[in-house]
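Student: Protein chains in written order, with the working numbering: chain A, 13 to 761; chain B, 32 to 374.
Where is the CB? At the ideal position from N, CA and C, for every residue including glycine.
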């Protein structure tokens with residue numbers, strides 16, 4: 013049975029990844045936060061505190077602390093959560109059941125609608141059905157999930173009163189008038205077990221809105237992927253064979269096309285599940301759903317370290333398991349996949365070391381400490397040794413070392429803002445150069461002129477790309493011309509502060525759009541209304557675009573540099589270098605992005621916009637690196653790389669002259685799309701209360717202010733800032749889509 | 032048998048309309064092997080795709096008629112067209128691996144043709160031998176679906192176990208037990224008529240051990256075997272006409288000879304008509320009775336094989352014949368197609 017060997021291998025490989033995750037959470041709690049916070053309650057006496065320090069080996073060196081931490085994790089002593097007054101391991105099953113019930117429903121809904129929609133869209137390619145489905149999908153990924161949730165809540169639950177506003181069940185029905193047993197904590201199943209229709213309907217009604225919100229976000233990616241795969245498959249030779257057999261169009265599409273297109277789609281479902289966990293943080297908070305996500309957010313707001321770390325670890329664990337199932341499913345769906353049945357030597361060493369470490373931790377801490385130090389020392393010696401060997405054999409590789417140093421410099425300059433100045437000056441110099449050598453450049457450019465004309469023609473022909481371009485340009489000009497669009501007050505010291513922009517102290521003002529001065533009895537009003545503290549929403553949106561632009565540009569530039577260099581090197585060299593880099597990205601990817609960013613910000617307790625940026629970069633680079641690496645891996649096998657090698661080109665030269673230029677298409681497309689994605693994450697963080705200073709102009713934070721006023725009927729508070737986020741993301745996604753169509757000749761019709 | 036008159040096909044590409052066929056005329060008589068030769072891009076394959084309307088979305092037939100046994104099939108209904116495809120005309124493609132669906136077994140792929148075009152015979156066989164028509168094993172899904180069910184069951188059982196509710200997991204446990212016992216419970220069920228006919232058709236193309244081949248996936252077979260499977264599939268619907276679109280290009284020389292021999296044998300046995308498309312004059316000399324030479328979307332010459340080789344009329348045909356390496360010290364002459372641009 014090859015399959016069982018494959019499963020065991022994959023299971024074994026998750027152990028080192030999980031260990032890596034614990035390293036990150038350990039670093040977060042011990043390096044930055046207070047490691048004893050989970051165990052200290054109000055009743056803790058100084059003697060008990062000293063005991064705790066002794067028990068957790070806090071007076072010992074750091075490796076002792078880590079091993080103790082690891083031991084606590086594997087023996088399920090996850091500490092005490094202040095916000096719910098319960099032990100973490102005790103509260104976990106109930107919270108988990110609540111989240112899982114919602115996620116499973118959302119998952120089923122999204123898969124069941126997205127796959128047929130994707131198929132339908134592909135068989136009606138380039139007709140209006142296709143365009144509307146694509147637009148629908150694009151909306152799904154561009155609309156901020158929290159804004160969509162608030163929108164539905166306001167319209168369906170608050171205005172129309174069709175469905176309950178929040179919570180998991182009606183407490184009066186379930187706890188007072190007709191209590192039933194809640195054994196499984198899956199309320200739908202409990203209601204069926206008790207045979208009670210009212211309970212079942214009540215639980216279902218409470219689930220509809222949050223499940224819709226959760227499903228829509230993950231639906232978008234599945235639709236797009238399914239459509240692309242279907243188009244790919246429908247062009248294959250075996251589709252023609254099927255038609256030549258005399259099968260009808262429908263039999264060909266569903267019998268031969270769909271099963272083949274499902275294979276790559278299935279690989280995304282694991283990611284989709286991670287997306288649900290990410291989304292559940294926001295959804296549960298808005299609908300006060302008593303699940304893991306809402307618990308984690310309250311914990312993060314009050315620095316309840318144990319709950320944060322438990323949540324991080326737990327979602328990483330869930331994610332790894334989901335991906336494992338998907339991988340095995342993939343191997344089953346596609347008969348061509350060879351199940352890699354045997355562990356390589358490196359894998360055996362890593363896995364057995366991890367298992368031994370865990371065993372030692374379980375049995376005796378000091379042995380484990382010695383063991384882990386040995387592992388670390390021998391690993392670093394090994395790395396140093398192989399680097400030294402390589403450098404003595406190929407002195408040219410010193411260039412690679414220089415490359416890494418250069419990358420670090422570029423990252424540093426981007427983060428400090430120096431890069432922008434350098435970029436500006438180089439642009440000035442470049443335009444001078446172009447002006448000076450205009451005739452020559454024009455001549456050398458002539459052959460490319462046709463291509464450019466074609467690209468321009470394609471942009472003009474595609475209305476969606478034009479829309480994207482228009483949105484992006486107008487949002488960028490809003491950021492650029494902010495001082496003219498929304499002039500700061502006379503005495504305002506910090507233009508980014510909404511608190512200081514105080515002209516008229518009117519709280520809860522409805523929007524007066526363009527007739528502000530004509531209001532009776534009022535000199536002036538707020539164009540888009542104001543929040544309860546009198547913040548001008550229009551001012552916040554205009555200046556908030558600068559925050560978004562700043563963060564998005566810096567994160568994307570840094571991420572692109574890291575990803576391009578590391579991804580290209582990793583993909584091109586393959587082998588051990590690749591293995592090590594991929595395992596590191598594995599660890600980062602295992603923790604859902606939003607959760608990791610939240611955990612970093614919450615545990616460091618530093619709520620500045622810079623910290624937000626660092627957190628987003630840490631979250632962003634691994635996924636990006638993997639894409640570039642996959643590209644480099646593909647390019648490496650192409651004949652022209654062989655040819656370049658045969659011509660005696662150095663690795664360094666090949667990477668820069670052949671690999672990276674050929675990755676540039678995907679780099680540009682992903683970077684464009686991520687300009688939108690980063691702002692979505694930024695706004696989500698801001699919405700959860702982690703958006704820089706308390707009154708910094710930032711869109712997500714404005715939505716959060718608006719949420720508080722929503723139940724008074726003040727819809728403008730959450731609506732306009734959320735719309736700004738949605739338009740931003742929508743514009744960049746449309747543009748990225750269009751750019752891909754132009755740059756990728758395969759997609760041309 | 033098959034008659035193509037003044038067929039014109041265009042492709043609408045980004046850079047404008049490309050005329051792939053510019054008035055093609057040819058006729059394949061009953062029970063003959065007709066060769067269609069020409070260089071790459073001359074429109075050989077497009078001719079056969081246009082005849083059965085298998086063109087990609089960008090292509091369209093703009094003019095001309097296609098007669099099959101005297102019936103005009105250029106503008107027939109989709110339903111009639113489906114009866115013709117596979118039922119009256121079978122097609123073999125160039126690269127057998129990409130022309131076979133990678134995720135279906137050979138049994139499923141050939142079975143599809145049989146259910147579509149041999150339904151009566153299948154039922155006849157089933158009632159004669161008192162066996163089921165289609166499925167032999169009542170509960171048999173693709174391994175993917177089976178595994179999904181298994182995974183869902185296991186995860187639900189472990190979920191309920193985690194929550195301390197073992198009784199909820201019981202139904203899922205029964206499903207797993209049933210799945211494990213299924214093969215045992217069903218082992219006495221005989222082969223269906225469909226299975227038997229699939230194995231017969233594999234036997235006809237001289238494939239050894241048809242039972243094993245029927246249950247395998249395309250990538251598990253060698254190139255020659257895959258092409259034999261393709262032939263079996265094209266013949267399974269009892270077609271009277273076979274279109275072979277460069278059937279031997281992707282194969283090596285020995286296998287090529289075997290496949291050509293097989294096509295010749297089957298043609299003789301069933302008295303079929305074969306339209307053999309190739310760029311290899313050697314293949315034509317070996318197999319065909321009559322041959323047409325195609326160049327730039329037109330038939331430039333049509334004659335019996337002997338006449339073509341002895342007395343080529345058209346300059347392009349002459350150039351083509353000159354290009355055949357003759358051994359010895361004579362230099363290889365490649366026709367410069369530019370010279371004949373006015374044709």
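Please identify, using Cβ separations under 7 Å, the residues of the stretch 112 to 125 of chain B that lie next to chain A, in order along the chain.
Tutor: Residues 113, 114, 116, 117, 118, 122, 124.
Student: Mind pulling the chain A residues with CB within less than 7 Å of residue 326/B?
Tutor: Within chain A, no residue comes near residue 326/B; the closest Cβ sits about 25 Å away, beyond 7 Å.
Student: Need the endpoints of the beta strand (DSSP E) that residue 304/B sits in, please.
Tutor: Segment 304 to 309, the beta strand (DSSP E) holding residue 304/B.
Student: Of the choices 556/A, 436/A, 750/A, whose alpha-carbon is the least far from that of residue 487/A?
Tutor: The residue with the shortest Cα to Cα distance from residue 487/A is 556/A.
Student: For the stretch 324 to 352 of chain A, list every residue whose C-beta sits within 8 Å of some C-beta in chain B, in sequence order.
Tutor: Of all residues in the stretch 324 to 352 of chain A, 337, 340, 341, 344, 345, 346, 347, 348 have a Cβ within less than 8 Å of some Cβ in chain B.
Student: Just verifying my parser: in three-state terms, what is the DSSP assignment at residue 73/B?
Tutor: The answer is coil: DSSP assigns residue 73/B none of H, G, I, E or B.
Student: Output needed in chain order: residues of the stretch 21 to 38 of chain A with a Cβ under 9 Å from some Cβ in chain B.
Tutor: Under the 9 Å Cβ criterion, the stretch 21 to 38 of chain A contributes no residue.
Student: If you measure beta-carbon to beta-carbon, which residues of the stretch 242 to 256 of chain A are closer than 8 Å to chain B?
Tutor: Residues passing the 8 Å Cβ filter: 247, 248, 249, 250, 252, 253, 254, 255, 256.
Student: Within the same chain, show all residues whose beta-carbon is closer than 6 Å to that of residue 541/A, passing over the 5 residues directly before and after it, in chain order.
Tutor: Cβ neighbours of residue 541/A beyond the five flanking positions: 521, 522, 523, 549, 728.
Student: Kindly say whether residue 260/A, judged by its beta-carbon, lies nearer than 8 Å to any beta-carbon of chain B.
Tutor: Residue 260/A counts as touching chain B.
Student: Could you tell me the alpha carbon to alpha carbon distance between residue 79/B and residue 129/B, rounded to whole angstroms?
Tutor: If you take the alpha carbons of residue 79/B and residue 129/B, they lie about 18 Å apart.
Student: Per DSSP, residue 44/B forms a beta bridge with which residues?
Tutor: Paired residues: 47/B.
Student: So with CB distances below 8 Å, who are the chain B contacts of residue 272/A?
Tutor: The answer, in chain order, is 132, 133, 134.
Student: Check whether the stretch 110 to 119 of chain A touches the stretch 215 to 233 of chain A, taking contact to mean three or more Cβ pairs, one atom from each stretch, closer than 8 Å.
Tutor: With the cut-off at 8 Å, the stretch 110 to 119 of chain A and the stretch 215 to 233 of chain A touch.
Student: Quick one: which unbroken alpha helix (DSSP H) runs of 4-plus residues sit fully inside the stretch 237 to 281 of chain A? Chain order, please.
Tutor: Listed in chain order, they are 249 to 256.
Student: Which word fits residue 68/A, buried or exposed, when buried means at least 16 other C-beta atoms lie within 10 angstroms of its C-beta?
Tutor: Flag for residue 68/A reads buried.
Student: Between which two residues does the beta strand (DSSP E) containing residue 134/B stretch?
Tutor: Taken as a continuous stretch (DSSP letters only), residue 134/B belongs to no beta strand (DSSP E), as it is neither H nor E.
Student: Kindly confirm or deny that the stretch 283 to 293 of chain A and the stretch 228 to 239 of chain A touch, where touching means at least three C-beta pairs closer than 8 Å.
Tutor: Flag = yes, the stretch 283 to 293 of chain A and the stretch 228 to 239 of chain A touch.
Student: State the Cα-Cα distance for the pair residue 60/A and residue 87/A, rounded to the nearest angstrom.
Tutor: Approximately 21 Å between the Cα atoms of the pair.
Student: According to DSSP, is residue 215/A part of a helix, a strand, or is it coil?
Tutor: Residue state, collapsed to three classes: helix.
Student: Taking 8 Å as the CB-CB limit, is residue 48/B close to chain A?
Tutor: False, the Cβ-Cβ gap to chain A never drops below 8 Å.
Student: Determine, for residue 81/B, whether the minimum Cβ-Cβ distance to residues of chain A falls below 8 Å.
Tutor: So, not an interface residue.
Student: Could you give the residue range of the alpha helix (DSSP H) that holds residue 583/A?
Tutor: Taken as a continuous stretch (DSSP letters only), the alpha helix (DSSP H) holding residue 583/A covers 549 to 585.
Student: Give a yes or no on contact between the stretch 223 to 233 of chain B and the stretch 130 to 147 of chain B, applying the rule of three or more CB pairs nearer than 8 Å.
Tutor: Contact holds: three or more Cβ-Cβ distances are below 8 Å.
Student: Kindly say whether residue 282/B, judged by its beta-carbon, lies nearer than 8 Å to any beta-carbon of chain A.
Tutor: Chain A contact via Cβ: absent.
Student: Are residue 25/A and residue 338/A touching if we call contact CB-CB under 8 Å?
Tutor: Result no, Cβ atoms of residue 25/A and residue 338/A do not sit closer than 8 Å.
Student: Taking 8 Å as the CB-CB limit, is residue 277/A close to chain B?
Tutor: Answer no: the Cβ-Cβ gap between residue 277/A and chain B never drops below 8 Å.
Student: Using the rule of at least 16 other Cβ atoms within 10 Å of the residue's Cβ for burial, across every protein chain shown, is residue 453/A buried or exposed?
Tutor: Looking at its Cβ environment, which holds fewer than 16 other Cβ atoms inside 10 Å, residue 453/A is exposed.
Student: Between the stretch 189 to 206 of chain A and chain B, which residues of the former have CB atoms less than 9 Å from a CB of the latter, in chain order?
Tutor: Going along the stretch 189 to 206 of chain A in chain order, one finds 195, 196, 197, 198, 201, 205 with a Cβ nearer than 9 Å to chain B.
Student: Report the residues of the stretch 140 to 153 of chain B with a CB closer than 7 Å to any CB of chain A, ordered along the chain.
Tutor: For the stretch 140 to 153 of chain B, which is checked against every Cβ of chain A, the residues closer than 7 Å are 143, 144, 147, 148.
Student: For residue 281/B, does the three-state DSSP call read helix, strand or coil?
Tutor: The answer is coil: DSSP assigns residue 281/B none of H, G, I, E or B.
Student: Give a yes or no on whether the C-beta atoms belonging to residue 34/A and residue 246/A are separated by under 8 Å.
Tutor: Cβ atoms of residue 34/A and residue 246/A: not closer than 8 Å.
Student: Taking 6 Å as the limit between beta carbons, can you name the residues of its chain near residue 302/B, skipping five residues before and five after?
Tutor: These residues qualify, in order along the chain: 62.
Student: What is the rounded straight-line gap between the Cα of residue 512/A and the Cα of residue 489/A?
Tutor: One C-alpha to the other measures close to 24 Å.
Student: Just the chain B side, please: which residues come within less than 8 Å of residue 268/A by C-beta, in chain order?
Tutor: Near residue 268/A (Cβ distances below 8 Å), the residues of chain B are 132, 135.
Student: With DSSP as the reference, please indicate the residues paired to residue 334/B in a beta bridge.
Tutor: 322/B, per the DSSP bridge assignment.
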